[in-house]
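If you read the sequence shown in our numbering, its first letter stands for residue 319, the second for the next number, and so on. Think of the CB as a built atom: it goes at the ideal place given N, C-alpha and C, for glycine as much as any other residue. Note sheet for the following structure.
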Amino acid sequence: MSKVKDFLAETGIFFLATVDGDQPKLRPLGAFLEEDGKLIFGVGDFKNVYRQMRANPLVEIAACKKDGHWLRYTGRAVFETDSKYAEAMIRQSHLEAIYNEQTGHKLMTFHLEDATAVDIAIMGEGESLL
Numbered sequence: 319m320s321k322v323k324d325f326l327a328e329t330g331i332f333f334l335a336t337v338d339g340d341q342p343k344l345r346p347l348g349a350f351l352e353e354d355g356k357l358i359f360g361v362g363d364f365k366n367v368y369r370q371m372r373a374n375p376l377v378e379i380a381a382c383k384k385d386g387h388w389l390r391y392t393g394r395a396v397f398e399t400d401s402k403y404a405e406a407m408i409r410q411s412h413l414e415a416i417y418n419e420q421t422g423h424k425l426m427t428f429h430l431e432d433a434t435a436v437d438i439a440i441m442g443e444g445e446s447l448l
């Protein structure tokens, strides 16, 4: 998991792909944490992405480094039940203005199961990172 974490940390911004019916949807994310042997990501409970992931938990994360290597991290999103992940991510990413009692918004955290992660060179074969 550390290789995937290092890749994402180097890129800063990565993209989460979901589907909405038969339409692919892609959005940038930047916050994640590694805890308990899992990479944890988060989305707001009030956003379409959350509803899309609930309807179809198969997602893909893509990121690209300046050297042309890119990551394809694919799996099934499993939402966490322990609030410690959301609390840590909110603190670490300074998201308190969005996720708090006044707004009523909740950060829903998830990790990927049955996942594959491939580092792909711009003109080469992919290397598995898991």
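query: Three-state secondary structure assigned by DSSP to Phe397; result: strand
query: Uninterrupted alpha helix (DSSP H) stretches inside the segment 337-383 (no shorter than 4 residues); result: 366-373
query: Range covered by the beta strand (DSSP E) that runs through Thr434; result: Leu425 to Ile438
query: Endpoints, alpha helix (DSSP H) assigned at Glu405; result: Lys402 to Ser411
query: Nearest to Ala380 (by Cα), restricted to the options Leu344, His429, Tyr403 and Arg372; result: Leu344
query: Proximity to Lys402 [Cα-Cα], best of Asp340, Gly330, Leu376 and Glu353; result: Glu353
query: Alpha carbon of Cys382 to alpha carbon of Phe332, nearest angstrom; result: 8 Å
query: Collapsed DSSP secondary structure at Ala415 in the structure displayed; result: coil
query: Straight-line gap, Lys365 to Met426 (C-alpha atoms, nearest Å); result: 10 Å
query: Boundaries (first-last residue) of the alpha helix (DSSP H) holding Glu328; result: Ser320 to Thr329
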